[in-house]
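Visitor: Numbering (my numbering), first residue to last: 405 to 780.
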């Protein structure tokens, strides 16, 4: 029997049949991810990591004597779709827990629904602190922006020797707004000056006016805490305007599309990440080999590793709880301590966030290469 099922739109009859089968043979796990749309690169990587983890767990006998059934809904990178997806997963599929989303804004849409239904939700990569503040059933396996922002501020001050930075952020992204806020506070506290703070909206294509203002302000570095699609265009247009100062972003820059869209202009750009594919640890090497073998040689980025880890953390919690009953499963996730994951050892703290290290990577020779790691 095929126990891994990807579903987007299914009839009520098919849903009822799937539910009956799940109750007898499998443990239904919900996932909502942006598989299409402008951030599809992030969601696809996360989904593939999650899928690989589920397949690996099932090959090893499953959990509590049952196979995991992954039921995935596509948010299409659209506002409002996350709520529709998780309602379907909860009401039609009767999932025991939900994994997702990568984007903080979409996790913030879904989290109140999961909290109200008392269905545990684990976000692989949403870093805005408000996500887990939603309630005690909401978790994440990534670091958060109050940690990532100061990490990047310290990097700018110490490694880039920047003292006059421009922050070029999206006004329509909860992720970008939050990360810009925490970076700014830490950068100023460290002795730096923010000389320009232009904004853009998600989906914008022309950034020349804002970049011209940044150049006039005399910035010696540019921090752009948005997603990879706008980030690549920002760097290209900056270089076309003759702006040669370092440009760096947050963890949502880590997608192959950043390199594909940015071309030669993106060479030398820095970003914050959750792991490095070059890490020599056996845990990482095993994951990379398995991922490349499963997905035709594709190199797993941090979103793939976070998707993988989110499924492992959930499976471990189910084993320790000895049940899929929601409250017991919630308590087991909350008690996760020093879990050996691909992105490092994960401890879920009292705020249901993951305490772990961050990694700085740079685009060199057309790939993301390790620069340094920073522990909390």
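For each residue, glycine too, the CB sits at the ideal point set by N, CA and C.
Alpha carbon to alpha carbon, how far is residue 744 from residue 750?
Guide: Here residue 744 refers to the residue found at position 340 of the chain shown. Here residue 750 refers to the residue found at position 346 of the chain shown. Computed Cα separation, rounded: 7 Å.
Visitor: Looking at the structure shown, is residue 759 part of a helix, part of a strand, or coil, going by DSSP?
Guide: Mapped onto the chain shown, residue 759 falls at position 355. In this structure, residue 759 counts as strand in the three-state DSSP scheme.
Visitor: By how many angstroms is the C-alpha of residue 460 removed from the C-alpha of residue 579?
Guide: Translated into the one-based positions of the chain shown, residue 579 becomes position 175. Translated into the one-based positions of the chain shown, residue 460 becomes position 56. The straight-line gap from Cα to Cα measures roughly 31 Å.
Visitor: Do residue 652 and residue 636 have their beta-carbon atoms positioned less than 8 Å apart in this structure?
Guide: The count along the chain shown starts at 1 and reaches residue 636 at position 232. The count along the chain shown starts at 1 and reaches residue 652 at position 248. No, these two residues do not count as a Cβ contact at 8 Å.
Visitor: What beta strand (DSSP E) runs, 3 residues minimum, are completely inside the stretch 578-604?
Guide: Taking only runs of at least 3 residues, the beta strand (DSSP E) segments lying wholly in the stretch 578-604 are 597-600.
Visitor: With 16 as the cutoff for other CB atoms within 10 Å, does residue 468 come out buried or exposed?
Guide: Looking up residue 468 in the chain shown gives position 64. Exposed.
Visitor: Counting beta carbon pairs with one atom in the stretch 538-552 and one in the stretch 514-525, are three or more of them shorter than 8 Å?
Guide: yes
Visitor: Classify residue 768: buried if its beta carbon has 16 or more other beta carbons within 10 angstroms, exposed otherwise.
Guide: Looking up residue 768 in the chain shown gives position 364. So residue 768 counts as exposed.
Visitor: Could you give the distance in angstroms between the alpha-carbon of residue 615 and the alpha-carbon of residue 571?
Guide: Your numbering for residue 615 matches position 211 in the chain shown. Your numbering for residue 571 matches position 167 in the chain shown. When rounded, the distance between both Cα atoms is 11 Å.
Visitor: Below 8 Å on the Cβ atoms is my contact criterion, and I expect residue 721 with residue 736 to pass it. Report the Cβ-Cβ distance as a whole number of Å.
Guide: To locate residue 721, count along the chain shown from 1; it is residue 317. To locate residue 736, count along the chain shown from 1; it is residue 332. Right, the Cβ-Cβ distance comes to about 4 Å (below 8 Å), so this counts as a contact.
Visitor: Do the stretch 637-650 and the stretch 592-603 touch if we need at least three Cβ pairs shorter than 8 Å?
Guide: no
Visitor: For residue 424, does the three-state DSSP call read helix, strand or coil?
Guide: Numbered from its first residue, the chain shown carries residue 424 at position 20. Confidence at residue 424 is low in this model, with a pLDDT of 44, below 50, so the placement of that residue should be treated as unreliable; the coordinate-derived value is given next. The answer is helix: DSSP assigns residue 424 an H, G or I state.
Visitor: Along the alpha helix (DSSP H) that carries residue 534, what are the first and last residues, could you check?
Guide: Mapped onto the chain shown, residue 534 falls at position 130. Residue 534 -> alpha helix (DSSP H) spans 534-537.
Visitor: Assuming residue 733 and residue 500 form a contact by the criterion Cβ under 8 Å, report the distance between their Cβ atoms to the nearest whole angstrom.
Guide: Here residue 733 is taken as the residue at index 329 of the chain shown, counted from 1. Here residue 500 is taken as the residue at index 96 of the chain shown, counted from 1. About 7 Å separates the two Cβ atoms, so the contact holds.
Visitor: Can you tell which of 477, 537, 666, 576 has the C-alpha that lies nearest to the C-alpha of residue 771?
Guide: Locating residue 771 in the chain shown gives position 367, counting from the first residue. Residue 666 is the option with its Cα nearest to residue 771.
Visitor: Reducing DSSP to helix, strand and coil, say where residue 551 ends up.
Guide: Numbered from 1 along the chain shown, position 147 holds the residue referred to as residue 551. In this structure, residue 551 counts as helix in the three-state DSSP scheme.
Visitor: Give me the residue from 489, 655, 643 with the minimum Cα distance to residue 764.
Guide: What you label residue 764 is simply residue 360 of the chain shown in a count that begins at 1. Ranking the options by Cα distance to residue 764, first place goes to 655.
Visitor: Can you tell me where the beta strand (DSSP E) holding residue 711 begins and where it ends?
Guide: The residue given as residue 711 occupies position 307 in the chain shown. Here residue 711 belongs to no beta strand (DSSP E); instead the alpha helix (DSSP H) covers 706-725.
Visitor: Would you mind sorting residue 776 into buried or exposed? The rule is 16 or more other CB atoms within 10 Å of its CB.
Guide: In the chain shown, counting from the first residue as 1, residue 776 sits at position 372. Classification for residue 776: exposed.
Visitor: Looking at residue 476 and residue 435, is the spacing between their C-beta atoms short of 8 Å?
Guide: Within the chain shown, numbered from 1, the residue matching residue 435 stands at position 31. Within the chain shown, numbered from 1, the residue matching residue 476 stands at position 72. Yes, these two residues count as a Cβ contact at 8 Å.
Visitor: If we count the other Cβ atoms within 10 Å of its Cβ and call it buried at 16 or more, is residue 424 buried or exposed?
Guide: Working through the chain shown from its first residue, we reach residue 424 at position 20. With a pLDDT of 44 at residue 424, under the threshold of 50, the modelled position of that residue is not reliable, and no figure is offered here.
Visitor: Just to confirm my understanding: we take residue 555, look at its own chain, exclude 5 residues before and 5 after, and list those with CB closer than 7 Å. What are they?
Guide: Position 151 of the chain shown, counted from the start, is the residue given in the question as residue 555. If the five residues before and after residue 555 are omitted, its C-beta is found closer than 7 Å to the C-beta atoms of 676, 762, 778, all from its own chain and listed in chain order.
Visitor: Buried or exposed for residue 729, please, with buried defined as at least 16 other CB atoms from any protein chain shown within 10 angstroms of its CB.
Guide: As a position in the chain shown, residue 729 is number 325, starting the count at 1. The Cβ neighbour count for residue 729, taken over all protein chains shown within 10 Å, is under 16; the residue is labelled exposed.
Visitor: Drop a sphere of 10 angstroms on the beta-carbon of residue 760, count the other beta-carbons inside from all chains shown, and report buried for 16 or more, exposed for fewer.
Guide: Indexing the chain shown from 1 puts residue 760 at position 356. Counting Cβ neighbours within 10 Å, residue 760 comes out buried, since at least 16 surround it.
Visitor: Where do the N-terminal and C-terminal ends of the beta strand (DSSP E) with residue 676 fall, by residue?
Guide: Translated into the one-based positions of the chain shown, residue 676 becomes position 272. Per DSSP, residue 676 belongs to the beta strand (DSSP E) from 674-677.
Visitor: Measuring CB to CB, does residue 553 end up less than 8 Å from residue 586?
Guide: Numbered from its first residue, the chain shown carries residue 553 at position 149. Numbered from its first residue, the chain shown carries residue 586 at position 182. Contact: yes.
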